[in-house]
Structures are given as structure tokens and as C-alpha cells.
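Visitor: Got a structure for you, written out below as C-alpha cells; questions coming shortly.
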Amino acid sequence: MRNLKLIDKTESWIDDDISKNFRGGEVLIPLQIACFTWDPVNKKTIDLPSPRTNLMRKELEARYKKAGWKIRVHLDDGLDGPNMSGPDYWILSGSR
């Protein structure tokens, strides 16, 4: 039950972020949030076993796909130079 509440809380945070930042047809969600390693509401790391967080991410992804969003994952390639890697993102795009 705690995991469902965390999924709901994260989905709500993402929905708020979409409302604030949806421009140009897409919005970027930090991968740490989408993969449940960072709690954006309480601003702290989430310490759960990776099989559990993988299932939680799949549930979150299914909810957004069901709502009509397309999801791409951007992983920084690290080619910007030493100590210049950027964050990884979920890119949500759609006609919301």
C-alpha cells in the first residue's frame, strides 16, 4: 500500500510539473523521479529494492501511456567533456 501511495504522490508531482512547464509539446522529468530513487515532494532519496522500484516505474509509465503521453528516455552521453555530464530525463510528449 505504501508503494501505491508513493506512485500516486509522484504522479501528482509530475502532473503539477506538466501544468507549470509544458511548452513546445514536451516536458522533461528527471529520471531519478520517474525511477523512484528521489522523492520530489519530501526532497529525499528513496531507499527501496530495485525490483520494487522497477515495478513502480512500470506502473507510472503505464499510467502516462494510458493517458496518451509518449515517453522517451534521454540519457546524457557524457560527450560534453570531463565533469560536464548532464541529467537524464523522461521526455513526455503529447497533446495534453
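Be aware that the sequence shown starts at 237, since it is given in this note's numbering, and climbs by one per residue. Just so it is clear, CB atoms sit at the ideal spot from N, CA and C, and this is done for glycine as well. Bear in mind the structure is a predicted one, so any value in this text is a computation, not a measurement.
What whole-angstrom Cβ distance do Ile269 and Val263 have, given they're in contact under 8 Å?
Guide: Counted from its first residue, the sequence shown places residue 269 at position 33. Counted from its first residue, the sequence shown places residue 263 at position 27. The pair is not a contact, with the Cβ atoms about 12 Å apart (cut-off 8 Å).
Visitor: Over what stretch of residues does the alpha helix (DSSP H) that includes Arg259 continue unbroken?
Guide: Here the question's residue 259 lines up with position 23 in the sequence shown. Taken as a continuous stretch (DSSP letters only), Arg259 belongs to no alpha helix (DSSP H), as it is neither H nor E.
Visitor: Determine the direct distance from the alpha carbon of Lys279 to that of Pro266, and round the result to whole angstroms.
Guide: Looking up residue 266 in the sequence shown gives position 30. Looking up residue 279 in the sequence shown gives position 43. If you take the alpha carbons of Pro266 and Lys279, they lie about 13 Å apart.
Visitor: My assumption, with CB atoms under 8 Å, is that Ile250 sits in contact with Met292. Please give the rounded CB distance.
Guide: By one-based count along the sequence shown, residue 250 stands at place 14. By one-based count along the sequence shown, residue 292 stands at place 56. So it is not a contact: roughly 13 Å between Cβ atoms.
Visitor: What residues in its chain sit with their C-beta under 7 Å from that of Arg299, if we drop five residues either side in the sequence?
Guide: Within the sequence shown, residue 299 is the residue found at index 63, counting from 1. Same-chain partners within the cutoff: Glu247.
Visitor: Assuming contact is defined by CB atoms lying nearer than 7 Å, are Gly260 and Ser329 in contact in what I supplied?
Guide: To locate residue 260, count along the sequence shown from 1; it is residue 24. To locate residue 329, count along the sequence shown from 1; it is residue 93. Cβ atoms of Gly260 and Ser329: not closer than 7 Å.
Visitor: Thinking C-alpha only, which one of Lys245, Phe258, Lys241 is nearest Trp305?
Guide: In the sequence shown, the residue the question calls residue 305 occupies position 69. When each option's Cα is compared against that of Trp305, the closest is Phe258.
Visitor: When the Cα atoms are used, what is the spatial distance from Thr281 to Phe272?
Guide: For this step, residue 281 is matched to residue 45 along the sequence shown. For this step, residue 272 is matched to residue 36 along the sequence shown. If I take the Cα positions, the gap works out to 8 Å.
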